[in-house]
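Residue numbers (the numbering used here): 4 to 189.
By construction, the Cβ of each residue, glycine as well, lies at the ideal position given by its N, Cα and C atoms.
Structure first, then comments.
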């Protein structure tokens with residue numbers, strides 16, 4: 004016969020039929036991040052994505068939303084990002100790099116959500132172990148617009164591998180590209 008619920012640890016006095024939380028794990032702080040710590044995490048992530056990741060800085064990526072359910076990065080069109088000089092289209096490599104960055108951003112927010120007891124420096128340490136394994140981009144329309152929004156959704160966050168779906172819209176809300184990616188997270 005199987006029981007549903009958490010496994011008992013040595014010294015746990017509950018019987019198998021009792022429900023409830025396991026005793027407090029002393030390796031973790033007893034409470035999730037405070038609002039002040041969450042604000043520090045958001046500030047650290049914004050600084051990381053906009054200033055410390057030099058390629059993101061070169062592209063001009065800016066954090067548009069820190070909502071873990073709807074993370075977004077913004078990219079303003081500049082002459083340096085044009086791929087087709089006759090039409091002023093955004094370069095395909097810029098599109099793929101922005102989608103990859105958006106997925107990494109969403110993944111970092113998902114990691115922070117998965118580990119609510121960890122302070123911002125530990126979340127950033129976890130991010131340092133993230134790397135792109137596979138990236139696929141579908142270019143649906145020409146990259147025309149004054150600015151672009153790259154968004155991503157983490158579809159799986161495992162112990163070693165994560166996956167994400169990404170989208171890029173122009174300033175009119177027109178979908179110009181989609182992507183799918185896998186990341187190592189261990």
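| Asked | Found |
| --- | --- |
| If you follow the alpha helix (DSSP H) that residue 45 is part of, which residue opens it and which one closes it? | 38-50 |
| By the 10 Å Cβ neighbour count, where 16 or more other Cβ atoms means buried, how is residue 90 classified, buried or exposed? | exposed |
| Suppose contacts are defined by Cβ-Cβ distances below 8 Å. Is residue 78 in contact with residue 151 by that definition? | yes |
| With DSSP collapsed to three states, give me the class of residue 53. | helix |
| Would you call residue 107 buried or exposed, if buried means 16 or more other Cβ atoms sit within 10 Å of its Cβ? | buried |
| Helix, strand or coil for residue 157? Go by DSSP, reduced to three states. | strand |
| Which residues in the same chain have their Cβ closer than 8 Å to the Cβ of residue 92, if we skip the five residues on either side of it in sequence? | 85, 86, 145, 146 and 147 |
| Excluding the 5 residues flanking residue 65 on each side, which residues of the same chain have their C-beta closer than 7 Å to its C-beta? | 53, 76 and 77 |
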